[in-house]
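First residue of the sequence shown? That's 77 in the numbering used here, and the numbers climb one at a time after it. C-beta atoms are modelled at their ideal positions from N, C-alpha and C, and glycine is treated no differently.
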Amino acid sequence: MIKILITGSNGQVGAELIRIIKSSIDAEILCTDITSKNKEVGDLQFEYLDVKSKELTEKIFEKFKPDQVYHLASILSASGEKDPYLAYSVNLTGTMNILNACVKYNVSKVFIPSTIGVYGPEAPKENAPIRHSSIPTTMYGITKAAAEMLCQYYYEKFNLDVRSLRYPGLISYRVPPMAGTTDYAVDMIRHAARNSSYQCYLEKDTPLPMMYMQDAMESTIKFMHTDPSKLTVRTAYNVMSYTFTPDELYQAILEFKPNFKVDYQPDFRQKIAESWPHSLDITKSKEDWGFSIRFDLRKTVEDMIENLQ
Ligand SMILES: NC(=O)c1ccc[n+]([C@@H]2O[C@H](COP(=O)([O-])OP(=O)(O)OC[C@H]3O[C@@H](n4cnc5c(N)ncnc54)[C@H](O)[C@@H]3O)[C@@H](O)[C@H]2O)c1
């Protein structure tokens, strides 16, 4: 049985990753976070781990001796703009601490998710390529772009099998997201499911790439099972399912909730959203490890509302 360590396990992605690992891999799992364990952790082992601390990180690795690590601890785009220093420490110092510990304790495989936040405003808006020279305008984007480079560095320098996917906005119902720019999509569907109206913090015509969490998690597990010789990208692969604007999501919700109402009051997140691409080039993900999805927008909305109710 392999041993899997998850950092930031209490977050939006962690809640779903725990489930899919439990159901698809014969593994002993250690969940870690800086907040006390949430209900998704259930009866799995849980330890406090602040990834900013090199000492604590190494202590946990020394004790648990993981074979694989899923490093999810992060400060996302909206929170990162409120506290850029914290975003820098968690996303970069924390990631370095994890990568160092992986090398020191002979971890065989590491997953470190990235984000569309690595793109800046001058990147192509449609089919944004994996390699680009745009400069991100948020601290989140800056730290995640550097983290992608660290992934490639540790792969080349230490032969560490570190892998990354650039997720778009992720839509899920178990743990509400609270720190990102694409969170409006989840919030809007949650309000619709509860039959309350919603005030959206983005303009109605702002397109962003998105994906249903189930597809994101199934893709992640498939990607992690891919023979390393097939992987030609060691920064991060692009993945996404569909592009929609807040208004297009609203229209999709109306099919299931015809009385639902939305109004628009853009805030600081509008500028962040405008700096990101509308869609990503996913060709390499299809070619190298067979990326595919099951949920289109209609199916996503239907499944979300069903589960939230
Ligand atoms: N959710 C999305 O839409 C999305 C999109 C693109 C990329 N991602 C990436 O996926 C990963 C997980 O994101 P998420 O949505 O679960 O975020 P989240 O904010 O929901 O969860 C992050 C978790 O990290 C924990 N954390 C914060 N500081 C920590 C520290 N110092 N030490 C240990 N844990 C700490 C938090 O307590 C939280 O439980 C991140 O790398 C993020 O960049 C997420």
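When the Cα atoms are used, PRO160 and ALA204 turn out to be separated by approximately 26 Å. By the neighbour-count criterion, in which 16 or more other beta carbons inside 10 Å mark a residue as buried, PRO189 falls on the buried side. Residue pairing of TYR230 in beta bridges, as defined by DSSP: absent, with no partner found. Under the three-state reduction of DSSP, GLY196 is assigned to coil, being neither helix nor strand. DSSP places ARG242 inside the beta strand (DSSP E), whose first and last residues are 241-243. Taking 8 Å as the cut-off, the beta carbon of PRO353 is found closer than this to the beta carbon of PRO200. The segment 333-368 is shown to contain whole beta strand (DSSP E) runs of 3 or more residues at 338-340, in chain order.
Relative to ligand 1, even the nearest heavy atom lies 7 Å or more away from the CB of ASP343. With a cut-off of 7 Å, the C-beta of VAL194 is classified as distant from ligand 1, since no heavy atom of the ligand falls inside that distance. Counting the other CB atoms within 10 Å of its CB gives ARG207 a total below 16, which places it among the exposed residues. For ALA268, the uninterrupted alpha helix (DSSP H) segment begins and ends at 260-269. In chain order, PRO322, ASP323 and TYR340 place their CB closer than 6 Å to the CB of LYS280, counting only its own chain and leaving out the 5 sequence neighbours on each side.
Between the beta-carbon of ASN173 and that of THR133 there is about 4 Å, and that keeps the pair under the 8 Å contact cut. Between the alpha carbons of LEU246 and ASN114 lies a gap of roughly 20 Å. For ALA103, the beta-bridge partners assigned by DSSP are ILE78. Residue pairing of TYR274 in beta bridges, as defined by DSSP: VAL338.
Distances taken from the Cβ of LYS135 to the heavy atoms of ligand 1 include none shorter than 7 Å. Shown here, PHE140 sits in a helix according to DSSP, grouped into three states.
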